[in-house]
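Enquirer:
Chains as they are written, first to last, in our numbering: chain R, 1 to 173; chain Y, 1001 to 1173.
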């Protein structure tokens, strides 16, 4: 696909076929018009740590939030809104107790991430995701994106934390 | 101190005073002969995420374990023992609930890192820390290292997990 896009770009540069380019590049991304994130951003497991969280109740998860370089700079500078290019990822796992650790401690006290449950993204692109506060939301299970119906509640819920530009997670120093 | 060390190094290079250098460089590190880590390794807050953990009971902490490049490679390759140069850091915080998040969820379910409690290190240097399984242990509160008495139980407790080269934390993919 990249080769085709490059070919079209070269073609456009010489013949002025600009209008032809946009959909071709869009197709490379799967669902260009989806109002949410349908492809997992690359390399997110190597990003820096923003914070950890345990959600009790039905979620019963333990995980971490990581950020790309744009996100980490914004978190550390404390400047809002987050700039375009910001990507925040939440890695969720079952909240389980560690028998191995508990044995050493002599009591049940150690809780660690168990099986992975899902990976969620927030991608800031004020143009592409203008309808959802400038954020594209993503939810992946076994690497596959959720459908539109599943994604619908993301924005209205995140919209409740306007003071932090729709981001629940705070940077942990 | 670095300037003095450099001066002594330059002096030694021209006059052959090698024996004079070792203690001078040692002094720059505070306690050269301490059987544990007395200076915080630099830049650890930018290291990659290994895992998260919640310790209940008296510790009541929530935090993350990060690793330097040597550590991350070893964790991902799954090869033991960890090579010299491995540094693993555990960032600990009070385990608190987030009123802000709970309000949105409509119930108390969200637990996040509160005030920082301590930062702990494991530094692999089989020569320097031969007496403690090749690992130098470190515990810092407000940036200050714990004393020898406080550090004494670290090694015997970690020695209980020989199968993972004294490291409790597992890599979370």
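Backbone N, C-alpha and C define an ideal beta-carbon position, used for all residues, glycine too.
Please report the distance separating the alpha-carbon of residue 962 of chain Y from that of residue 1171 of chain Y.
Expert: With chain Y running from 1001 to 1173 in the structure shown, residue 962 of chain Y is simply not present.
Enquirer: In the DSSP assignment, what are the bridge partners of residue 137 of chain R?
Expert: Paired residue(s): R:122.
Enquirer: Is there a C-beta anywhere in chain Y that falls below 7 Å from the one on residue 57 of chain R?
Expert: Yes, because at least one Cβ of chain Y sits closer than 7 Å to the Cβ of residue 57 of chain R.
Enquirer: Nearest by alpha-carbon distance to residue 1164 of chain Y: which of Y:1059, Y:1074, Y:1044 and Y:1045 is it?
Expert: Checked all of Y:1059, Y:1074, Y:1044 and Y:1045; the closest Cα to residue 1164 of chain Y is Y:1074.
Enquirer: Going by C-alpha to C-alpha distance, which of R:72, R:166 and R:116 sits closest to residue 61 of chain R?
Expert: Ranking the options by Cα distance to residue 61 of chain R, first place goes to R:116.
Enquirer: Of the residues that make up the segment 1040 to 1057 of chain Y, which ones have a beta carbon closer than 7 Å to any beta carbon in chain R?
Expert: Answer set for the segment 1040 to 1057 of chain Y: 1046, 1048, 1049, 1051, 1052, 1053, 1054, 1055, 1056 and 1057.
Enquirer: Please state the DSSP three-state secondary structure of residue 5 of chain R.
Expert: Per-residue confidence for residue 5 of chain R stands at a pLDDT of 41, beneath the threshold of 50, marking its modelled position as unreliable; the derived number appears in the next sentence. The answer is helix: DSSP assigns residue 5 of chain R an H, G or I state.
Enquirer: Report all residues from its chain with a CB closer than 6 Å to the CB of residue 1092 of chain Y; omit the five preceding and five following residues, and keep chain order.
Expert: Same-chain partners within the cutoff: 1061, 1063, 1117 and 1118.
Enquirer: Can you round the beta-carbon distance between residue 36 of chain R and residue 137 of chain R to whole angstroms, since I take them to be within the 8 Å contact cut?
Expert: That pair is a contact at about 5 Å.
Enquirer: Please decide whether residue 1111 of chain Y counts as near chain R, where near means a Cβ-Cβ distance under 7 Å.
Expert: For residue 1111 of chain Y, the answer is yes, since a Cβ of chain R falls inside 7 Å of its Cβ.
Enquirer: How long is the line joining the alpha carbons of residue 1023 of chain Y and residue 1034 of chain Y, rounded to whole angstroms?
Expert: Low local confidence applies: a pLDDT of 34 at residue 1023 of chain Y is under 50, so the model's placement there is unreliable, with the coordinate-based value given in what follows. One C-alpha to the other measures close to 14 Å.
Enquirer: Distance cutoff 7 Å, beta carbons only. Does residue 1101 of chain Y sit that close to anything in chain R?
Expert: Chain R, which has a Cβ nearer than 7 Å to the Cβ of residue 1101 of chain Y, makes this yes.
Enquirer: Name the DSSP beta bridge partners of residue 1094 of chain Y, please?
Expert: Answer by DSSP bridge pairing, in chain order: Y:1061.
Enquirer: Please report the distance separating the alpha-carbon of residue 87 of chain R from that of residue 1089 of chain Y.
Expert: Cα to Cα, the separation comes out at about 25 Å.
Enquirer: Pull up the CB-CB distance for residue 143 of chain R and residue 40 of chain R, whole angstroms please, since I reckon it's below 8 Å.
Expert: So it is a contact: roughly 7 Å between Cβ atoms.
Enquirer: Along chain Y, in chain order, which residues have C-beta atoms closer than 7 Å to that of residue 168 of chain R?
Expert: Ordered by position in chain Y, the residues that pass the 7 Å Cβ test against residue 168 of chain R are 1101.
Enquirer: Measure the beta-carbon distance from residue 96 of chain R to residue 108 of chain R and round it to whole angstroms, keeping in mind my assumption that it falls under 8 Å.
Expert: No, residue 96 of chain R and residue 108 of chain R are not in contact; Cβ-Cβ is about 11 Å, not under 8 Å.
Enquirer: Go ahead and pull the three-state DSSP assignment for residue 117 of chain R.
Expert: Residue 117 of chain R: strand per DSSP, three-state reduction.
Enquirer: DSSP state of residue 44 of chain R, grouped into three classes?
Expert: Of the three classes helix, strand and coil, the one that applies to residue 44 of chain R here is helix, per DSSP.
Enquirer: At a threshold of 6 Å, does residue 56 of chain R count as lining the ligand NAP (C-beta to nearest heavy atom)?
Expert: For the ligand NAP, the structure offers nothing, since it holds no ligand at all.
Enquirer: For chain Y, check one thing: does any of its Cβ atoms lie closer than 7 Å to the Cβ of residue 117 of chain R?
Expert: No, because no Cβ of chain Y sits closer than 7 Å to the Cβ of residue 117 of chain R.
Enquirer: Among Y:1123, Y:1149 and Y:1146, whose alpha-carbon lies nearest the alpha-carbon of residue 944 of chain Y?
Expert: This structure cannot settle anything about residue 944 of chain Y, because the visible part of chain Y is limited to 1001 through 1173.
Enquirer: I want to see whether chain R comes within less than 7 Å of residue 1162 of chain Y, judged by CB atoms only; does it?
Expert: No, no contact with chain R.
Enquirer: Would a check of beta-carbon distances place residue 1080 of chain Y closer than 7 Å to chain R?
Expert: With 7 Å as the cut-off, residue 1080 of chain Y does not count as an interface residue toward chain R.
Enquirer: The alpha helix (DSSP H) with residue 131 of chain R in it runs from where to where?
Expert: Here residue 131 of chain R belongs to no alpha helix (DSSP H), and DSSP marks it neither H nor E.
Enquirer: Would DSSP call residue 1070 of chain Y helix, strand or coil?
Expert: In the structure shown, residue 1070 of chain Y sits in a helix (DSSP, three-state: H, G or I).
Enquirer: Note the first and the last residue of the continuous alpha helix (DSSP H) segment covering residue 1170 of chain Y.
Expert: First-last for residue 1170 of chain Y: undefined, no H or E at that position.
Enquirer: Please report the distance separating the alpha-carbon of residue 100 of chain R from that of residue 146 of chain R.
Expert: C-alpha separation (whole angstroms): 35 Å.
Enquirer: Check residue 152 of chain R in the structure and name its three-state DSSP category.
Expert: Coil.
Enquirer: How many angstroms separate the CA atom of residue 1098 of chain Y from the CA atom of residue 158 of chain R?
Expert: Residue 1098 of chain Y and residue 158 of chain R: Cα-Cα distance of roughly 15 Å.
Enquirer: Grab me the residues of residue 1068 of chain Y's own chain with a C-beta within less than 6 Å of its C-beta, minus the 5 sequence neighbours each way, in chain order.
Expert: Closer than 6 Å at Cβ, skipping near neighbours: 1047 and 1087.
Enquirer: Any residues in the segment 1124 to 1140 of chain Y with a beta carbon nearer than 7 Å to a beta carbon of chain R? Which ones, in chain order?
Expert: Those would be none; no residue qualifies.
Enquirer: Going along the chain, which residues of the segment 63 to 88 of chain R sit with their C-beta nearer than 7 Å to a C-beta in chain Y?
Expert: For the segment 63 to 88 of chain R, which is checked against every Cβ of chain Y, the residues closer than 7 Å are 63, 64 and 66.
Enquirer: Nearest chain Y C-beta to residue 96 of chain R closer than 7 Å, yes or no?
Expert: Chain Y, which has no Cβ nearer than 7 Å to the Cβ of residue 96 of chain R, makes this no.
Enquirer: With a CB to CB cut of under 8 Å and the five nearest residues on each side skipped, what residues in its chain are close to residue 1052 of chain Y?
Expert: These residues qualify, in order along the chain: 1062, 1063, 1064, 1065 and 1172.
Enquirer: In angstroms, rounded to a whole number, what distance separates the CA positions of residue 130 of chain R and residue 155 of chain R?
Expert: Near 11 Å, if we compare the C-alpha coordinates of residue 155 of chain R and residue 130 of chain R.
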